[in-house]
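**Student:** Here the working numbering is used: the first residue of the sequence shown is 38, the next is one more, and so on. Note that CB positions come from ideal geometry on N, CA and C, so glycine has one too. Sharing a structure below in structure tokens format, with a few things to ask.
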Amino acid sequence: MDVPFVNLGLQYQFLRNQILSKFDEISKKGEYILGSELDEFEQEFANFCGTKFAIGVGSCSDALSFSMIALGIGKGHEVIIPGNSFIATAWTVVNIGAIPVFVDVLDDYNIDPQMIKKAITKKTKAIIPVHLTGRMTDMDQIIQIANENNLYVIEDAAQAVGASLNKKKSGSFGITGCFSLHPLKNLHVQGDGGVITTNDETIYCFLKKLRNHGLKNRDECEFWGYNSRLDNIQAAIARIKLQYIDEWNSRFIQIANIYSEELQQVSLVPKDDSKKVSIYHRYVIQHFSRDGLKNYLEKNNIETRINYPVPLHLQPAAKNLGYKPGDLPKVEAQSKLILSLPIYAEMTDDQIYYVIKKIKLFKK
Ligand SMILES: *Cc1c(COP(=O)(O)O)cnc(C)c1O
Numbered sequence: 038m039d040v041p042f043v044n045l046g047l048q049y050q051f052l053r054n055q056i057l058s059k060f061d062e063i064s065k066k067g068e069y070i071l072g073s074e075l076d077e078f079e080q081e082f083a084n085f086c087g088t089k090f091a092i093g094v095g096s097c098s099d100a101l102s103f104s105m106i107a108l109g110i111g112k113g114h115e116v117i118i119p120g121n122s123f124i125a126t127a128w129t130v131v132n133i134g135a136i137p138v139f140v141d142v143l144d145d146y147n148i149d150p151q152m153i154k155k156a157i158t159k160k161t162k163a164i165i166p167v168h169l170t171g172r173m174t175d176m177d178q179i180i181q182i183a184n185e186n187n188l189y190v191i192e193d194a195a196q197a198v199g200a201s202l203n204k205k206k207s208g209s210f211g212i213t214g215c216f217s218l219h220p221l222k223n224l225h226v227q228g229d230g231g232v233i234t235t236n237d238e239t240i241y242c243f244l245k246k247l248r249n250h251g252l253k254n255r256d257e258c259e260f261w262g263y264n265s266r267l268d269n270i271q272a273a274i275a276r277i278k279l280q281y282i283d284e285w286n287s288r289f290i291q292i293a294n295i296y297s298e299e300l301q302q303v304s305l306v307p308k309d310d311s312k313k314v315s316i317y318h319r320y321v322i323q324h325f326s327r328d329g330l331k332n333y334l335e336k337n338n339i340e341t342r343i344n345y346p347v348p349l350h351l352q353p354a355a356k357n358l359g360y361k362p363g364d365l366p367k368v369e370a371q372s373k374l375i376l377s378l379p380i381y382a383e384m385t386d387d388q389i390y391y392v393i394k395k396i397k398l399f400k401k
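What follows is the structure, encoded as structure tokens:
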């Protein structure tokens, strides 16, 4: 038995006919950039998230950068982010000229609201909660802190398409929500892609120009912008897949439930309260002998990953920000114990139970 960490080819096989006929249709028209498929996708994605607007961009990294630019965040400002995330949550803050302020997390790997309060200064402009592994951050608390301190909330929902809290979807809480369509995310295209959601019409109009060179129309440039649009072909692919995302997410949840039921005796498994729907983009356990377990599983043809082994504040790139080991104890402790198990909608029950069997058999 072989259990790869993901298997993108299976989803393609399932959708191949639909994707190829769309590819053909669009290619015959030559409608590659800012076409009708993108318009349709933006409408459908906004509906899916329960927001007024969605804007397709080149990546979630650009979604994050553009959100901050739209809010006037830049030099001299601080942005509060969790210490455990993919590096894009941090470098985009640096890239727009602001300073990332790293904050410790809770047991669910998401940012700790109490620690946010301690990190707020006169320079703080925004909080970027990350719904890591597809589990919602407690947005009620975050929004309250933000309101009390006059801060913006930008959701990094890259891993959380379809996740919800009190029936409200990720991406609909903050001033903007940022999504990734990278091939490793639950809803993905065949390359890079991203989406920004918002209910704010002014921000929406600004972002539509920002992603397209700052152009107001074909000839007039209102401000200097970027070239970062979701390709029309990718938008068409995203539209096809959006029809299946609830079904796929249900399978992620089902697999997570089986894992949790079976592995709670031998590892620390994720637990959520009933007001949250977690879509388990990653299924993460904690194990006291993580590295040994990882090697053992690899020998048994089970591929696992660590999300993430090096906390953001301890990355070599963060050196000049002045953090040291011990600053974010929880993130640092978790980084030594966490292990992401294979999870994808096409995984078979045999594969799931093979992973479970091997983890149970592992002896340190
Ligand atoms: C993947 C990811 C990003 C970056 O997404 P791209 O589309 O690759 O730019 C940002 N934040 C988080 C939490 C991610 O998982």
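Measuring alpha carbon to alpha carbon, tell me which residue in Asn186, Ala91, Leu398 is nearest Glu238.
**Tutor:** Checking every option, the nearest Cα to that of Glu238 belongs to Ala91.
**Student:** Is the CB-CB distance between Lys331 and Ile343 below 9 Å?
**Tutor:** Yes, these two residues count as a Cβ contact at 9 Å.
**Student:** For Gln55 and Tyr320, what's the separation of their Cα atoms in angstroms?
**Tutor:** Approximately 30 Å between the Cα atoms of the pair.
**Student:** Can you tell me which of the three DSSP states Phe90 falls into?
**Tutor:** Of the three classes helix, strand and coil, the one that applies to Phe90 here is strand, per DSSP.
**Student:** At which residues does the alpha helix (DSSP H) containing Thr129 begin and terminate?
**Tutor:** 125-132 is the span of the alpha helix (DSSP H), which, as asked, contains Thr129.
**Student:** Please look up how many angstroms separate the CB atoms of Gly230 and Leu218, rounded, as I've assumed it's under 8 Å.
**Tutor:** Correct: roughly 3 Å between the Cβ atoms.
**Student:** Cβ of His78 within 9 Å of Cβ of Ala272?
**Tutor:** According to the sequence shown, residue 78 is Phe rather than His. Contact flag set, yes.
**Student:** Smallest Cα separation from Cys97: which of Ile124, Gln371, Lys59, Lys367?
**Tutor:** Nearest C-alpha to Cys97: Ile124.
**Student:** If I'm right that Glu192 touches Gly211 with Cβ under 8 Å, what's the distance once you round it to whole angstroms?
**Tutor:** About 4 Å; that satisfies the 8 Å criterion.
**Student:** On the three-pair Cβ rule with 8 Å, is the segment 108-126 touching the segment 358-377?
**Tutor:** Segments in contact, yes.
**Student:** So which of Ile106, Gln388, Lys401, Ala382 has the shortest CA-CA distance to Leu47?
**Tutor:** Answer by Cα proximity: Ala382.
**Student:** For the segment 124-135 and the segment 336-353, state whether three or more C-beta atom pairs, one from each stretch, are separated by less than 8 Å.
**Tutor:** The segment 124-135 vs the segment 336-353: in contact.
**Student:** Expressed to the nearest angstrom, what Euclidean distance is found between the alpha-carbon atoms of Ser297 and Lys245?
**Tutor:** In a straight line, the C-alpha of Ser297 is about 42 Å away from that of Lys245.
**Student:** Excluding the 5 residues flanking Asp386 on each side, which residues of the same chain have their C-beta closer than 6 Å to its C-beta?
**Tutor:** There are no such residues.
**Student:** So, at 8 Å on beta carbons, what are the nonlocal neighbours of Ile63 in its own chain, with the 5 sequence-adjacent residues on each side left out?
**Tutor:** If we look at Ile63 and ignore the five residues flanking it on each side, its Cβ neighbours are Tyr69, Gly72, Glu74, Asn269, Ile270, Ala273.
**Student:** State the start and end residues of the unbroken alpha helix (DSSP H) segment that holds Pro366.
**Tutor:** Its alpha helix (DSSP H) spans residues 366-372.
**Student:** Closer than 8 Å: is that where the CB of Lys278 sits relative to any heavy atom of ligand 1?
**Tutor:** Checking the Cβ of Lys278 against ligand 1 gives no.
**Student:** Kindly examine ligand 1 and report whether one of its heavy atoms sits closer than 8 Å to the Cβ of Ala382.
**Tutor:** The answer is no for Ala382.
**Student:** Could you pull the start and end residues of the beta strand (DSSP E) that Pro119 belongs to?
**Tutor:** Where Pro119 is concerned, the enclosing beta strand (DSSP E) stretches over 115-119.
**Student:** Is the beta carbon of Glu81 closer than 9 Å to that of Arg276?
**Tutor:** Going by C-beta atoms, Arg276 is nearer than 9 Å to Glu81.
**Student:** Residues in the same chain with beta-carbon distance under 6 Å from Val232, minus the five sequence neighbours each way, listed in chain order, please.
**Tutor:** Result list for Val232: Phe82, Ala91, Gly93, Phe216, in chain order.
**Student:** Less than 8 Å separating the Cβ of Gln55 from some heavy atom of ligand 1?
**Tutor:** No, the beta carbon of Gln55 sits no closer than 8 Å to any heavy atom of ligand 1.
**Student:** Heavy atom of ligand 1 less than 8 Å from the Cβ of Ala195, yes or no?
**Tutor:** Under cutoff, so the answer is yes.
**Student:** Grab the span of the beta strand (DSSP E) containing Val190 for me, first residue to last.
**Tutor:** First-last of the beta strand (DSSP E) with Val190: 189-193.
**Student:** Keeping to the same chain, check which residues put their C-beta closer than 7 Å to that of Ser104; ignore five residues upstream and five downstream.
**Tutor:** Ile191, Thr213, Cys215, Ile233.
**Student:** Check whether the Cβ of Cys242 sits closer than 8 Å to any heavy atom of ligand 1, and report yes or no.
**Tutor:** Answer for Cys242: no, Cβ out of range of ligand 1.
**Student:** Would you give the residue range spanned by the alpha helix (DSSP H) that Cys242 belongs to?
**Tutor:** Here the alpha helix (DSSP H) through Cys242 covers 238-247.
**Student:** Should Ala197 go down as buried or exposed, given a rule of 16 or more other Cβ atoms within 10 Å for buried?
**Tutor:** Classification for Ala197: buried.
**Student:** May I have the straight-line CA-CA distance separating Asp309 from Asp256, to the nearest angstrom?
**Tutor:** Taking the straight line joining both Cα atoms gives about 52 Å.
**Student:** Sorry if obvious, but does the Cβ on Thr126 come closer than 8 Å to a heavy atom of ligand 1?
**Tutor:** Within the cutoff, so yes.
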